[in-house]
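Engineer: Numbering (our numbering), first residue to last: 3 to 121. Below: one structure in structure tokens.
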């Protein structure tokens, strides 16, 4: 299991655009705050049409979800996927953004949509 205290460092190693912000969180940032910043970055990538970078973010989120604590898993579900939900049904180059989600995150999103907990 990934330690919650290392989440910001792990994200910054994979996403250079977040290195400075995540470096500021390296010691005391709550998991939900780190995931919120990660969500905002992913939103910017989607809105900017940078789908390769968005897909990379989705992959990182899936790895964090699969290997993280219950706290991190809850943050991925309630902050990351919920925050991105309105953008996931948009399409770029005739491909819906949600098609880029790894299977793990797709299953969570489908479950939440069926339960009425997300858009």
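Heads up, the beta-carbon is just placed ideally off N, CA and C, and yes, glycines get one too. The model shown is predicted, which means the values in this text are computed figures rather than measured ones.
Going by DSSP, which residues form a beta bridge with residue 88?
Structural biologist: Position 86 of the chain shown, counting from 1, holds the residue named residue 88. Partner(s): none; residue 88 has no beta bridge.
Engineer: With respect to the alpha helix (DSSP H) encompassing residue 47, which residues constitute its N-terminal and C-terminal limits?
Structural biologist: Within the chain shown, residue 47 is the residue found at index 45, counting from 1. Run containing residue 47: 33–49, per the alpha helix (DSSP H) assignment.
Engineer: Which stretch, first to last residue, makes up the alpha helix (DSSP H) that contains residue 14?
Structural biologist: Numbered from 1 along the chain shown, position 12 holds the residue referred to as residue 14. According to the DSSP assignment, residue 14 belongs to the alpha helix (DSSP H) that extends over 9–16.
Engineer: Distance, Cα to Cα, residue 34 vs residue 95?
Structural biologist: Locating residue 34 in the chain shown gives position 32, where the first residue counts as 1. Locating residue 95 in the chain shown gives position 93, where the first residue counts as 1. Pairing residue 34 with residue 95, the inter-Cα distance amounts to about 32 Å.
Engineer: Taking residue 38 as the reference, which of 85, 108, 47, 93 has the closest Cα?
Structural biologist: In the chain shown, counting from the first residue as 1, residue 38 sits at position 36. Closest by alpha carbon: 85.
Engineer: Taking one C-beta from the region 6–15 and one from the region 46–58 each time, how about it: are there three or more such pairs within less than 8 Å?
Structural biologist: no
Engineer: Could you tell me which of 90, 20, 117 sits nearest to residue 104, measuring between CA atoms?
Structural biologist: To locate residue 104, count along the chain shown from 1; it is residue 102. Answer by Cα proximity: 90.
Engineer: In chain order, what residues of the same chain have a beta carbon less than 6 Å from the beta carbon of residue 43, not counting five sequence neighbours either side?
Structural biologist: Looking up residue 43 in the chain shown gives position 41. Cβ within range, chain order: 20.
Engineer: Report back the beta-carbon spacing between residue 40 and residue 82 to the nearest angstrom; my notes put them in contact at under 8 Å.
Structural biologist: Position 38 of the chain shown, counted from the start, is the residue given in the question as residue 40. Position 80 of the chain shown, counted from the start, is the residue given in the question as residue 82. Between residue 82 and residue 40 the Cβ distance is about 7 Å, and since that is below 8 Å, they are a contact.
Engineer: Let me confirm a value: residue 101 is counted as buried when at least 16 other C-beta atoms fall within 10 Å, else exposed. Which label applies?
Structural biologist: Residue mapping note: residue 101 aligns to position 99 of the chain shown, counting from 1. Residue 101 comes out exposed.
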